[in-house]
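Asker: Dropping the structure in here first, questions after.
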Ligand code: G6P
């Protein structure tokens with residue numbers, strides 16, 4: 248087992264560090280940097296059907312559902328097709344409206360999650376196209392798919408999903424870009440500049456990982472917290488949800504993720520000097536607005552930890568601690584800003600002496616409802 252961990256103390260840490268390589272594997276043969284284009288066999292094989300899709304419905308659970316929320320923003324922005332993101336467990340029992348022109352995308356690391364598989368079967372009964380975004384080759388969801396895209400990040404052992412999340416977001420990014428290009432709904436400049444920047448992301452993830460010692464020190468300051476809030480906006484809103492889920496899953500600290508502007512509709516009542524608030528405040532759309540959200544927390548003596556873009560000044564002045572990530576496009580921000588949040592959760596759990604790879608009551612793959 249220690250050999251499989253490749254010198255890391257836990258699978259989760261190994262998988263976090265694997266991410267630059269996993270992303271490169273996931274994009275190999277699909278992202279053609281020299282030609283500035285994306286090649287996906289699913290689009291080549293099912294062009295007509297995908298082009299006439301009137302709606303995408305993403306069904307997933309847990310971390311995969313968070314990746315779906317990012318996918319929705321990407322597909323709507325670039326391909327101009329409406330996307331709904333559903334918890335598979337709710338969708339399957341709700342008698343949802345599904346038409347034969349819908350494409351139902353199931354996102355699942357294991358490909359075995361019972362609720363996601365059942366939601367997919369419901370889509371099939373209603374003659375929608377079943378599109379799988381799966382890691383485990385030959386899994387039940389992969390087999391039930393009419394088509395799809397494997398994320399190809401290799402086996403994920405740690406119960407808390409890390410590299411599968413970045414793999415899912417990468418695949419959704421490639422798919423949304425390619426679809427937008429086919430449909431003519433993304434400009435040539437945006438298509439090509441996003442492709443170019445995608446090629447830089449693995450190196451940029453490496454530079455986030457190089458801050459691990461710094462992140463560990465910040466994580467230590469959360470060890471005795473009983474609660475935490477995670478806030479983000481735009482593409483970073485699902486990242487906040489994912490950061491909170493990671494902390495809950497392995498450190499057993501109660502954490503909630505919120506879109507930062509919703510804070511005033513509830514969570515702000517919880518803020519006092521004992522409440523750490525982790526902001527994902529990279530330099531993108533809504534940056535100015537999130538600063539005013541940070542100030543609201545500061546005014547109530549909350550503890551502020553923020554993920555910011557390199558060179559940020561404004562947040563640094565008000566936060567207790569900041570973690571810098573390299574600058575990138577807004578649409579690709581989650582691929583970088585998720586990494587420090589994974590590391591925070593990991594280090595808090597290790598500091599508390601908990602079983603990081605097998606947290607209590609959780610399973611890697613939930614094959615019963
Ligand atoms: C479990 C795992 C999570 C995972 C979720 C969905 O809860 O502990 O890490 O995100 O199932 O799993 P899937 O394999 O469908 O992505």
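Residue numbers (the UniProt record's numbering): 248 to 616.
Don't be surprised by glycine CBs; every beta carbon is placed ideally from N, CA and C.
1) So residue 330 and residue 380 are supposed to be a Cβ contact under 8 Å. How far apart are they, rounded?
2) Between residue 504 and the ligand G6P, is the CB less than 8 Å from at least one heavy atom?
3) Touch check for the segment 507 to 515 and the segment 463 to 483: three-plus C-beta pairs under 8 Å?
4) Let me know if residue 291 comes out buried or exposed under the rule of 16 or more other beta-carbons within 10 Å of its beta-carbon.
5) Within the present structure, is the beta-carbon of residue 616 separated from the nearest heavy atom of the ligand HEM by less than 8 Å?
6) Per the DSSP calculation, residue 378 is bridged to which residue(s)?
7) Is it true that the CB of residue 585 sits closer than 9 Å to the CB of residue 412?
8) Does any heavy atom of the ligand G6P sit closer than 8 Å to the C-beta of residue 413?
9) Within the present structure, is the beta-carbon of residue 454 separated from the nearest heavy atom of the ligand G6P by less than 8 Å?
10) Using 8 Å as the threshold, is the segment 315 to 331 in touch with the segment 357 to 369, meaning 3 or more CB pairs across them?
11) Check whether the segment 448 to 456 and the segment 261 to 280 are in contact - that is, three or more C-beta pairs closer than 8 Å.
12) Could you tell me which whole alpha helix (DSSP H) segments of length 4 or greater appear in the segment 504 to 576?
13) Would you mind reading off the limits of the alpha helix (DSSP H) that contains residue 416?
14) According to DSSP, simplified to helix, strand and coil, what is residue 282?
15) So is the beta-carbon of residue 355 under 8 Å away from any non-hydrogen atom of the ligand G6P?
16) Shorter than 8 Å, the distance from the beta carbon of residue 574 to the closest heavy atom of the ligand G6P, or not?
17) Tell me whether residue 192, by its Cβ, gets closer than 8 Å to a heavy atom of the ligand G6P.
18) Beta-carbon within less than 8 Å of residue 519's beta-carbon, same chain only, minus the 5 sequence neighbours each way: which residues are those?
19) Going straight from the alpha carbon of residue 509 to that of residue 562, what length do you get?
20) Identify which residue in 491, 322, 261, 368 has its Cα closest to the Cα of residue 191.
21) Work out the CA separation of residue 527 and residue 433 for me, nearest whole Å.
22) Grab me the residues of residue 327's own chain with a C-beta within less than 8 Å of its C-beta, minus the 5 sequence neighbours each way, in chain order.
23) If residue 455 sits next to residue 576, beta carbons under 8 Å apart, how far is it from one beta carbon to the other, in whole angstroms?
24) Under the assumption that residue 322 contacts residue 355 (Cβ atoms under 8 Å), give the Cβ distance between them as a whole number of angstroms.
25) Select from 382, 297, 376 the residue whose C-alpha is nearest the C-alpha of residue 311.
26) Against chain B, with Cβ distances strictly below 9 Å, would residue 351 count as a contact?
27) From residue 543 to residue 533, what distance separates their C-alpha atoms?
28) DSSP on residue 333, reduced to helix/strand/coil?
29) Should residue 569 be labelled buried (16 or more other beta-carbon atoms within 10 Å of its own) or exposed?
30) Please work out which residues of its chain come closer than 6 Å, Cβ to Cβ, to residue 463, disregarding the five sequence neighbours upstream and downstream, and give them in chain order.
31) Could you tell me which residues DSSP puts in a beta bridge with residue 276?
32) Helix, strand or coil: how does DSSP classify residue 471 here?
33) Just mark residue 553 as buried or exposed, buried being the case when its beta carbon has 16 or more other beta carbons within 10 Å.
34) Heavy atom of the ligand G6P less than 8 Å from the Cβ of residue 611, yes or no?
35) For residue 501, write down the residues that DSSP places opposite it in a beta bridge.
36) Tell me the rounded alpha-carbon separation between residue 305 and residue 263.
Answerer: Short version:
1) Wrong, their Cβ atoms sit about 13 Å apart, outside the cutoff.
2) With a threshold of 8 Å, the Cβ atom of residue 504 does not count as near the ligand G6P, since no heavy atom of the ligand is closer than that.
3) Yes: the two stretches touch, three or more of their Cβ pairs being nearer than 8 Å.
4) It is exposed - the Cβ of residue 291 has fewer than 16 other Cβ atoms within 10 Å.
5) Judged by which ligands are present, the ligand HEM is missing from the structure shown, whose ligands are the ligand G6P.
6) DSSP, once it has assigned bridges, lists 352, 394 as partnering residue 378.
7) Against a cut-off of 9 Å, the Cβ pair of residue 585 and residue 412 comes out as a contact.
8) Residue 413 Cβ: outside cutoff for every heavy atom of the ligand G6P.
9) Incorrect: residue 454 has no Cβ contact closer than 8 Å to the ligand G6P.
10) By the criterion of at least three beta-carbon pairs nearer than 8 Å, the segment 315 to 331 is not in contact with the segment 357 to 369.
11) Three or more Cβ pairs drawn from the segment 448 to 456 and the segment 261 to 280 lie within less than 8 Å of each other, which places the two stretches in contact.
12) As for any alpha helix (DSSP H) of minimum length 4 sitting wholly inside the segment 504 to 576, the runs are 534 to 546, 561 to 565, ordered along the chain.
13) Segment 410 to 430, the alpha helix (DSSP H) holding residue 416.
14) Three-state result, residue 282: coil.
15) Flag set: Cβ of residue 355 near the ligand G6P.
16) No, Cβ of residue 574 sits at least 8 Å from all heavy atoms of the ligand G6P.
17) There is simply no residue 192 to check, as the chain begins at 248 and stops at 616 in what is shown.
18) In the same chain as residue 519, and ignoring 5 residues on each side of it, the C-beta atoms closer than 8 Å to its own belong to 547, 548, 549, in chain order.
19) Taking the straight line from one Cα to the other gives about 19 Å.
20) Outside the shown range of the chain (248 to 616) lies residue 191, about which nothing can therefore be said.
21) Those two C-alpha atoms are separated by around 27 Å.
22) Answer for residue 327: 427, 430, 432, listed in chain order.
23) About 16 Å; that fails the 8 Å criterion.
24) Contact doesn't hold; Cβ gap of about 18 Å is too wide.
25) Comparing Cα-Cα distances from residue 311 to each of 382, 297, 376, the minimum goes to 382.
26) The structure shown contains no chain B, having only a single protein chain.
27) About 15 Å.
28) For residue 333, the secondary structure class from DSSP, reduced to helix, strand or coil, is strand.
29) Burial state of residue 569 is buried, judged by a 10 Å Cβ sphere holding 16 or more other Cβ atoms.
30) Here residue 463 has 594 as same chain residues with Cβ atoms under 6 Å from its own Cβ, once five neighbours each way along the sequence are excluded.
31) DSSP output for residue 276 lists no bridge partner at all.
32) Note: residue 471 maps to coil in three-state DSSP.
33) Classification of residue 553: buried, given that the 10 Å Cβ count is 16 or more.
34) Yes, the beta carbon of residue 611 sits closer than 8 Å to at least one heavy atom of the ligand G6P.
35) In DSSP, residue 501 forms a bridge with 474.
36) A straight-line Cα-Cα distance of about 25 Å links residue 305 and residue 263.
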